[in-house]
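Under mature numbering (1 follows the signal peptide of the UniProt record, and there is no 0), the letters of the sequence shown match residues -18 to -1, 1 to 646, in that order.
Take a look at the structure set out below.
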Amino acid sequence: MRLSLFFQLSSLLALSFAHDDSLFTSSVSYCAPPEAILIRQFDISYFASNDSVVFNVTAASVAPNLNVSAMVLLNVYGMKPVNISLDFCHVLGNVLCPLPQYNFSGSGSIPLPQGVDVASHVPSIAYKIPDLEAFAQVTLIDTSTQQVKACVQSTLSNGWSTRQPAVSWATGGLAFLALIACLWYSSAEGSTSLAPQRFIDLMFLYQHIGSTGLLNLNYPVVFTSYTLNFSWALGLFAGSTAIQNAIDSMRRRTGGNGQAAVGVIETVNRKFSPYNDVVVPSPLTRRFVSPPVEIETSGNSLSAGIPTYTNSLGIAATDAFMSVFFTAIILFAIVLVLSLFLLGGVALYARITGKATSSHLKFWARANFLRLSLITFGPIFIFSFYQWTLHDSWLSIVLSVIVCLVVGVTVVVNAIFLLIAIRRSSPDEIDRHMPSRALFSPLYGAYRLSRYWYFIPVFAASFLKSLFVGFGQKSGTVQVIGLLAIESLLGLLTIFARPCRTRRSDTLTIYLCVIRVVSTGLLIPFIAHLEVKPIPRVAIGLVNAVILSVTVVIMFIAIVLNLLPWSSMWRSLRRKNGSMESLPSNASNSDEKSIISSHDRPLNPTPPASHSLPLEMSEPSSQSAHHANNHLLPTHAGAISPALSSASSYTSYGHELGSPRSFS
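Here's what the structure looks like:
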């Protein structure tokens, strides 16, 4: 595997060195009404190695005897390093002088004149930086009347971008690995592994990265492209044309405006665009051209935030909620079918063999629905709140209300049942009661028993962030300040409460909180009215992307480490060294406990005196098990009488149950 990874990295490195330093047009639009020339294709590439231009132009001239010269202006991150003039009568052997009065196509490669020094004006970083924000303006001027006959603006690219399908597939593969670990460890009765919680943490991290691109801010293109790699975690998938057409049809029939998605040209039709700046030629050439036309942005431009983000994926802003809704429906349907298939298979096996089966799987299946509700909570509420601000389709609004109630009630009701059960007994009894642990572990399973309430501020923070992102699309300033305040308060609470079962888990949880605070704070320079220059914004966006990428790598390491059986590996190593055979049996047991204690927090193995367990719970009969089950779980939770397992022996610092098989 390492050798394969080495060859992959070597091939990528070779490709990067083989990439020529070049700039080429990626999209074209008119910057003035066409009068005498209609342009259908305008592909131009500049190669720095030989200072040449390769072009492929298809146009039609409707004016006779038209001789033109071209004024070429270049805008790179707000700077205008190039301002040159080319006379068509002195290139290509005068074949374009005058312009042919018919449809014509021309392509070729020409070296730039010696007096035109483009290389010295374009910094070398422009050929390497991903998602280059640059455009060229070409104005064709009648050499006899000095009037503008055509004006074309074209975005430029260097071929590099932070939006890569491979990144989406890799992060999706990591999420799938975490999901398998979550299902495997949570299906084991009495499991204390943190793998299920790491899956939730990973999905929350992905959703945080994706949602940072949903705010009404003047993002650099490089950061928006980076966040689009994680759009799938928000339930938004690019390229689903059939689904989008079906959603558009549904909206048109239910009071929607029928507006479809538009292709996003990041430096053209978004609200904060360098195209909106008037490009004025230099004083030496100003007398040859009329002032360029400023592009109108009121009608066709996309507002920053959710509209630009979703349209970049080929999804209209008015279709965003329905796209997330269908994704959530598909996920819940998959979980339901798999759960029914598993439970049906277990029931059939029990009927054939006549063996009794544990009711743990029923609570495990219900816990998976709770986990899925926690994961989909943020995206569903964000896009539901945003849908309510559009006043578009009444069916979309009704469905958004229904799905919010279903997901919200699922989380809230289970939280209330957990609090009621704890109030009736104690956190220790709930954790030792296997049905309760299986059912409520998505809420409190990762935390110390004295910090079981920590899921409440986490859940509240997710809801408040959804409010700011969904309803606050009019003001990016309010969004950033609100999100930064929420993340900061949650981070401070985490630092002081240290809610997790192990030191390593506390460290990872605090680190994730700090990263969310830092990444949210780095969005402040993107606030439009601060008018931060383009280059500093791009640098900050790259730094933010690197920080978040490192966090994803750290989560990958944490998930992999959780998959390894550290206790078994340690014991095998001790046996191999012959140390365990030389110890008495009681010494071996105490040594094993000391090994566990180096990784986990201590535990009071006996419950507090005020919450002593009933005598019958130590040797449960069918009647006592039923009594204990009713005592610990509310009747609304639908608990089924399971066998109660005795408490395991955990030791570490603190007074709660530890997690001896968990790394972090």
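All C-beta atoms, glycine included, are put in the ideal place defined by N, C-alpha and C.
Could you please give the first and the last residue of the uninterrupted beta strand (DSSP E) stretch that includes residue i?
i	result
residue 19	19 to 29
residue 56	50 to 58
residue 5	4 to 12
residue 93	85 to 93
residue 37	34 to 43
residue 410	First-last for residue 410: 409 to 414, but that is the alpha helix (DSSP H), not the beta strand (DSSP E).
residue 66	61 to 69
Here's a check: name, in chain order, each residue in its chain whose Cβ is nearer than 7 Å to the Cβ of residue i, leaving out the five neighbours to either side.
i	result
residue 275	Low per-residue confidence applies at residue 275: pLDDT is 36, beneath 50, and the placement is therefore not dependable, though the value from the model is reported in the following sentence. Excluding positions up to five away in sequence, the list reads 13, 14 and 133.
residue 214	150 and 154
residue 491	476 and 482
residue 189	215, 216, 360 and 361
residue 24	7, 10, 39, 134 and 136
residue 308	225
residue 185	157, 215 and 357
residue 159	541
residue 102	none
residue 85	42
residue 434	404, 409 and 426
If I measure Cβ to Cβ from residue i and keep anything under 6 Å in the same chain, skipping five residues before and after, which residues do I get?
i	result
residue 106	none
residue 83	43 and 46
residue 17	131
residue 233	375
residue 262	Since pLDDT at residue 262 reaches only 39, below the 50 mark, its modelled position is unreliable, and no value is offered.
residue 156	538
residue 59	115, 516 and 517
residue 474	none
residue 652	The requested residue 652 is not part of the displayed model; the chain covers only -18 to 646.
residue 81	43 and 48
residue 198	286, 287, 455 and 458
residue 78	70
residue 514	507
Given a threshold of 16 other Cβ atoms within 10 Å of its Cβ, counted over all protein chains shown, does residue i qualify as buried or as exposed?
i	result
residue 327	exposed
residue 226	buried
residue 87	exposed
residue 533	buried
residue 22	exposed
residue 90	exposed
residue 28	buried
residue 442	exposed
residue 201	buried
residue 342	buried
residue 312	exposed
residue 323	exposed
residue 320	exposed
residue 337	exposed
residue 163	buried
residue 380	exposed
residue 478	exposed
residue 472	buried
residue 610	Low confidence applies to residue 610: its pLDDT is 44, below 50, so where it sits in the model is not reliable enough to give any reading.
Who are the Cβ neighbours of residue i in its own chain at under 8 Å, not counting the five residues just before and after it?
i	result
residue 429	436, 437, 481, 482 and 483
residue 423	168, 178 and 349
residue 267	Only weak support exists for where residue 267 lies, its pLDDT of 34 falling under 50; the coordinates are left without a value.
residue 397	425, 437, 438 and 441
Starting from residue i, follow the alpha helix (DSSP H) in both directions and report where the run begins and ends.
i	result
residue 182	177 to 193
residue 236	Unbroken run through residue 236: none, as it is neither H nor E.
residue 514	Counting along the chain, residue 514 falls outside any alpha helix (DSSP H), and DSSP gives it neither H nor E.
residue 428	Counting along the chain, residue 428 falls outside any alpha helix (DSSP H), and DSSP gives it neither H nor E.
residue 476	458 to 479
residue 297	Where residue 297 is concerned, there is no enclosing alpha helix (DSSP H), given that its DSSP letter is neither H nor E.
residue 79	Run containing residue 79: none; DSSP gives neither H nor E here.
residue 494	485 to 503
residue 452	437 to 453
State yes or no: is the beta carbon of residue i nearer than 9 Å to at least one beta carbon in chain B?
i	result
residue 15	The structure shown contains no chain B, having only a single protein chain.
Worksheet item: When the Cβ atoms of the segment 486 to 495 are set against those of the segment 524 to 532, are three or more pairs found closer than 8 Å?
Response: no
Worksheet item: Would you say the segment 492 to 512 touches the segment 463 to 479, given that touching needs at least three Cβ pairs under 8 Å?
Response: yes
Practice prompt. Note down, one range per segment and in chain order, each beta strand (DSSP E) of at least 3 residues found wholly within the segment 101 to 150.
Written response: 116 to 124 and 130 to 139
Worksheet item: Can at least three beta-carbon pairs, one atom from the segment 21 to 36 and one from the segment 494 to 503, be found at a separation below 8 Å?
Response: no
Item to complete: At 4 residues or longer, and completely inside the segment 336 to 374: list those alpha helix (DSSP H) runs for me, N to C.
Response: 342 to 372
Discussion item. Any contact between the segment 200 to 207 and the segment 385 to 397? By contact I mean 3 or more CB pairs, one from each, below 8 Å.
Written reply: no
Practice prompt. Please determine if the segment 397 to 412 and the segment 363 to 381 are in contact, where contact requires at least 3 C-beta pairs separated by less than 8 Å.
Written response: no
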